[in-house]
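All remarks here apply to the structure that follows.
Number of protein chains: 2
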Amino acid sequence: MTTTEAPEATLANLAGGYGPTLAMHESAKIASVHAIPYAIPYRKPLNFASGSISVADNVVVQVRTSDGVVGTAEALPRPYTYGETQSSIVAAIEDVFAPSIVGLGLFAREQVRARVDRTVGNPSAKAAIDMAIWDAIGRTLDVSVHKLLGGYTDSLTVSHMLGFAAPAQVAAEAVQLYERYGIQSFKIKVGRRPIQDDIAVCRAVREAVGSQAEIYIDGNRGWSAAEASQAISRLGDVGLARVEELCPADDVLSRRWLVQQCSVPFVADESVPTPADVTREILSGAATAVNIKVARTGFSDSLRVANLAEGLGIPSNIGNQIDGHITTACSLAFGASQRVTARHSAELSNYLDLEDSLLTGPLSIEGGEMRVVDGSGLGFEIDESKLEHYRIDNA
Amino acid sequence: MTTTEAPEATLANLAGGYGPTLAMHESAKIASVHAIPYAIPYRKPLNFASGSISVADNVVVQVRTSDGVVGTAEALPRPYTYGETQSSIVAAIEDVFAPSIVGLGLFAREQVRARVDRTVGNPSAKAAIDMAIWDAIGRTLDVSVHKLLGGYTDSLTVSHMLGFAAPAQVAAEAVQLYERYGIQSFKIKVGRRPIQDDIAVCRAVREAVGSQAEIYIDGNRGWSAAEASQAISRLGDVGLARVEELCPADDVLSRRWLVQQCSVPFVADESVPTPADVTREILSGAATAVNIKVARTGFSDSLRVANLAEGLGIPSNIGNQIDGHITTACSLAFGASQRVTARHSAELSNYLDLEDSLLTGPLSIEGGEMRVVDGSGLGFEIDESKLEHYRIDNA
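Protein chains in written order, with the numbering used here: chain R, 1 to 395; chain F, 1001 to 1395.
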């Protein structure tokens, strides 16, 4: 039953006997796939339990169709989470994935997915290809990807991620984000030892932002289950909305013990990069909610994760892979398209710390909300002179 | 966070600061939703353990957009499975669903779903609305729904459903279907007492169609678990590919006992009309595979079930709700769009027994395969004079 050929739109009318003119753009094919590494510095580094980032060393992925339409997305190397580097992403796309999908129909998304899945791992590279194809589809049809995905609502409540720093400094950043953008949801990076340092930060932020704001924490596996349990208990008066990856999922029984006693959703993130991982971790009691990151599951598999989480009856949240501008637009398009993800605050604001953007227009956060960038495809346009300036693969 | 307003495409450019011209069709709205009951006789009645059908008393559902585009699907009343009748479907659509979704954006599929889900039950009515909206979206964008859904492949292997009759008669029908259409997969309706009657039918079909053909059985809850266990054992030499709903899912422990000992996939069908039911039944050991029927889950929720089943690691098959021509085209469009459903034979041929069709062109099965009806939307056109002739709601 499994075909290895791309669906041939030109064959379609032979069978049904129907006469409607076949839409010309249905015959669009993937003509080329390119990966362009670039580097844009952050104004300040983001520090967290599993790593630190001071430069966005990402990879722009462009899918060109036989009609000359270009779809764009980007891949974010996160070696401490997925094992990919900027160079490995470029190599995987140019050497492995591009040759296996060039010539396929642009609309044969699921056929593309089947082809790239013959290669293990490389989630960020695969995700960027998937999103670039969706962008090209939207631009070909002159409709937004957000609408194609389901168009549930047109904006999301923004949550901002606060990295390691002294309590007063983190609190001041939160206040600044509220005053400037109206943001009232904050994810605080924790997982340091002694736990008192992080607890002090959480208290300082709560005092600074008031009782109405949403606060939750992300340990990036930095604590033991026992430390996490102590921290949750001491943070009772801070009022956490949810907690994320406080201890390693590989500490299987301790993690289960921790999750069982936790009175707020325990979010799995780096432990659930695939739908099968979601099933395993949720059924084993390692989490009671999951993060969705388009940077690792693109649109096609983010939909799989959202549908799986919904079917299992657990919440799913839009997480942030320290997204640049392009991926932020992608996270927003996806998150707002589905009811289950639009219910919760979404981590969308990390792009604010970047020194520059590859896009021709700004992203904007107003009143703590971010509106979907509408228009064809993902709605943004790449500033070619900026890309030329920041790319690191030519002289 | 949950909005009750439809996404307003006209507001979209206010925020992002982007300049691309907003696609005109993004502003298309749902202008009206109509339900037209009709009746077309079957050449011969189909008999099975939970009921019998001699007339297709279905409901055509048409969604008209503000651009004048019309999307079409149909709802199939199956009172013995979902409690809906032809009249209840018309009433639910005209009185409840239409008023709640008219005025929403055509592309706000997930918003539409949220609105109709405020009313419990009525799966066939909801499914038809969802599919009619997808058809209207495809026609608006001039692309096939099959491509929008993922476009995995362009054809499916057809499986034919054989109803109750004498062994020689059922075997002759199978042979005729092979000779005429090349069909080599057969689902035999079982669930009668004594079980010997059904076993005789299965043996007769296997003898007639040879060892290469695929045979599986569907009990529609007609047997007890003990009877089903005996039947499976006696059918060992017939070689079943899978078995379906052999005993009631509400016989919880007996069903689990039966499924545990079953060496082929045990398919849940009427016991899993929703994603939550899939999770419950699979986790409780009541089945090891699920049927997907667009007639009850439309395209949006069929995708949810397919993604859920894939994430849970179980097979999903395209089942047949005794589909008419319109729903057959829908089942085909969906089933061929996803890798997980395209892997297995799909029940698509029941339309062959209808005396007439509402479509302007034929559906066709060749070499046991059915090709997706390509073209805009679902690719078919309604013959207005036929609809006028068969509709039962005017003089």
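Glycine is no exception: its CB is placed at the ideal position from the N, C-alpha and C atoms.
The beta carbon of F:E1173 sits closer than 7 Å to the beta carbons of L1162 from its chain, once the five residues preceding and following it are set aside; these are given in chain order. R:T297: member of the alpha helix (DSSP H) spanning 294 to 297, first to last residue.
R:E270 has a beta carbon lying at 9 Å or more from every beta carbon in chain F. Annotation for R:V267: R242, E244, A289, N291 place their beta carbon closer than 6 Å to its own, counting only its chain and skipping 5 residues before and after. Distances from the CA of R:G105 to each of R:G324, R:G298, R:H25, R:E74 were compared; the closest alpha carbon is that of R:H25. The three-state secondary structure of F:N1320, taken from DSSP, is coil. Residue pairing by DSSP places F:Q1062 opposite F:H1034, F:T1072 in a beta bridge. For chain F, none of the residues of the segment 191 to 207 of chain R brings a beta carbon within less than 9 Å of one of its beta carbons.
Apart from sequence neighbours up to five positions away, the residues of its chain that approach F:R1371 with a beta-carbon distance below 7 Å are D1154, S1155, ordered along the chain. In this structure, the alpha-carbon of R:R221 lies about 48 Å from that of F:D1142.
Contact note: R:A35 does not reach chain F at a C-beta cutoff of 9 Å; the least C-beta distance is about 24 Å. The Cβ of F:V1060 sits no closer than 9 Å to any Cβ of chain R. When C-beta atoms of the segment 243 to 257 of chain R are compared with those of the segment 267 to 285 of chain R, three or more pairs fall below 8 Å, so the two segments count as touching. For F:I1195 against F:E1227, the beta-carbon gap comes to about 5 Å, under 8 Å, which counts as contact. The beta carbon of F:D1142 sits closer than 9 Å to some beta carbon of chain R. Note that the segment 1032 to 1044 of chain F touches the segment 1060 to 1072 of chain F; at least 3 beta-carbon pairs, one per stretch, sit closer than 8 Å. In the assembly as shown, F:G1121 is an exposed residue. Its beta-carbon has fewer than 16 other beta-carbons within 10 Å.
For F:Y1351, no chain R residue has a Cβ inside 7 Å of its Cβ, as the nearest lies near 13 Å away.
When Cβ-Cβ separations below 9 Å define contact, F:N1307 makes contact with chain R.
Note: F:F1334 is not bridge-paired with any residue in the DSSP secondary-structure output. Neighbours of R:Q338 in chain F, taken as residues at a C-beta separation under 7 Å, are given in chain order as E1110. At a cut-off of 9 Å, the C-beta of R:S300 has a neighbouring C-beta in chain F. For R:S284, no beta strand (DSSP E) encloses it, and the DSSP letter there is neither H nor E. Among the residues facing chain R, F:L1283 is included, as its CB has a counterpart in that chain under 9 Å away.
For the segment 1365 to 1385 of chain F, the set of residues with a beta-carbon nearer than 8 Å to any beta-carbon of chain R comprises E1366, M1370, R1371, V1372, V1373, D1374, G1375, S1376, G1379, F1380, E1381, in chain order. Using a 10 angstroms sphere on the CB of R:P273, the tally of other CB atoms reaches 16 or more, which defines it as buried.
What F:R1304 touches in chain R, judged by beta-carbon distance under 8 Å, is N307, E310, G311, going in chain order.
Not flagged as an interface residue toward chain R: F:P1273, since no C-beta distance is shorter than 9 Å. For the segment 1162 to 1191 of chain F, the beta-carbon criterion of a distance under 7 Å to any beta-carbon of chain R is satisfied by none of its residues. Between the C-alpha atoms of F:A1295 and F:E1388 there is a straight-line separation of about 23 Å. The C-alpha of F:D1130 is placed about 13 Å away from the C-alpha of F:V1102.
Taking the C-beta atoms as reference points, F:V1175 is found nearer than 9 Å to F:A1208. Under the DSSP assignment, F:D1218 falls in the beta strand (DSSP E) whose first and last residues are 1214 to 1218.
Using a Cβ distance threshold of 9 Å, R:I318 and R:T341 count as a contacting pair.
For R:F48, no Cβ of chain F is located within less than 9 Å of the residue's own Cβ. For the alpha helix (DSSP H) assignment, the uninterrupted runs of no fewer than 4 residues enclosed by the segment 1221 to 1279 of chain F are, from N- to C-terminal side, 1225 to 1234, 1252 to 1261.
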